[in-house]
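These notes concern the structure reproduced below.
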Amino acid sequence: MQTHIPEIAHQRLWERVKWYFITGGLPEVVATFCANRTNLFGAFEEVRAKQEQILIAYFADIAKHAGKVNAMHIHRVLESVPAQMARSQDGTANKFKFRDVVPGIDRYQRLANAIDWLTTAGLIIKIPVVNYGQAPLKAYTKEGQFKLLLFDVGILGAMIRLSVHSILSYDYGTYKGYFAENYVAQELIASLQQPIYSWQKNRNQIEFLCELQGEVIPIEVKSGSVVQSNSLQKYIDKYHPSYSVIMSANNLSVAFLQARHCYSLYLANRFPLY
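Numbering (the working numbering), first residue to last: 70 to 343.
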């Protein structure tokens, strides 16, 4: 059973994570990258230009296809998601705040149709926030208690106009945490094919909870190599999961006796490995 990736492979895979943070996974964007990759930096610039074209098309489609839902509300909700993430100071996205998304609206009910429209269209990821860490998690969800992430981490970078250089040098402050969280959410949803949740209690937060065979597994996401987490320890002390997971920039490391599984971010779509 492999519990470590050879270091040279780990370093190369970690570099590819940063590439993916730029490109995301949209087929037309990946095709643009592949067509231009003989000049790597130029390929990334072409990728960003393609993503900006896609965003223009998305916002035009909202105006065209919103139907009975207020198109301006849909537009404002989608546009607000990257800034909503940054309201937290620790790189972990907080619950969605309705105030200031649309002037004069500060309640979920007034924006519910717009959020549902974007979720159905596949443009946002809606993650219920619970304050209880035992199965069944769905029973502890509350209307209006959720956080929103974007459907594609590459589009996230394009929306906030984050430079290719900043991503490659991994130099964009606490926003690295939001990128890592958005990326892991995409990977978990794609690989597990089931809902994921987030846990918040007072000032403590765990990015994701997953139910596996009736058991709740907490997953903490870190963008760097420092993985100490007071929130995770408090969750473990309260709910005693059979094991916990930290996904970070570090190599794969599994401490079976301590019930702590540390995944590198590039292994997010392989969870659970054990």
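Note that beta-carbon positions come from the ideal geometry of N, C-alpha and C, so glycine has one too.
With 16 or more neighbouring CB atoms inside 10 Å of its own CB, K291 falls in the buried class. The DSSP-derived three-state label of Y266 is strand. Distance check between G226 and each of I74, K195, K119 places K119 closest, using alpha-carbon atoms only. Between the alpha carbons of A78 and L231 lies a distance of about 27 Å. Counting the other Cβ atoms within 10 Å of the Cβ of H234 gives fewer than 16, which makes it exposed.
Counting only runs of 3 or more residues that sit fully inside the stretch 139–213, the beta strand (DSSP E) segments are 193–199, in chain order. In this structure, A183 sits near N139, with a CB-CB distance shorter than 8 Å. For M316, the closest alpha carbon among the candidates K307, P264, F248, Q263 is that of F248.
Contact check for L219 and N251: beta-carbon distance about 6 Å, within the 8 Å limit, so the pair qualifies. Annotation: the continuous beta strand (DSSP E) that includes H330 extends over 329–333.
For N319 and G293, the gap between their C-alpha atoms comes out near 7 Å. Secondary-structure assignment with DSSP links L217 through a beta bridge to K195. By the C-beta criterion, the stretch 114–132 is judged not to be in contact with the stretch 193–212, since fewer than 3 inter-stretch pairs fall below 8 Å. Residues of the same chain with a CB within less than 6 Å of the CB of H330, apart from the 5 flanking positions on each side, are Y312, V314, V323 in chain order. Between W83 and Y244, the CB-CB gap reaches or exceeds 8 Å.
Per DSSP, the continuous beta strand (DSSP E) segment holding V290 begins and ends at 284–290. Going by DSSP, L278 is part of the beta strand (DSSP E) stretching over 273–281. Of K166, V116, W186, the smallest CA-CA separation from Y177 is found for K166.
If you compare the alpha carbons of G111, H142, H73, A112 with that of D185, the shortest gap goes to H142. Residue pairing from DSSP places M316 in a beta bridge opposite V290, Y332.
DSSP places V222 in the helix class (H, G or I) of the three-state scheme.
Beta-bridge partners of S322 (DSSP): C331. T101: member of the alpha helix (DSSP H) spanning 96–105, first to last residue. Taking 8 Å as the cut-off, the beta carbon of T92 is found closer than this to the beta carbon of G223. Spanning the alpha carbons of R339 and L261 requires a straight line of approximately 9 Å.
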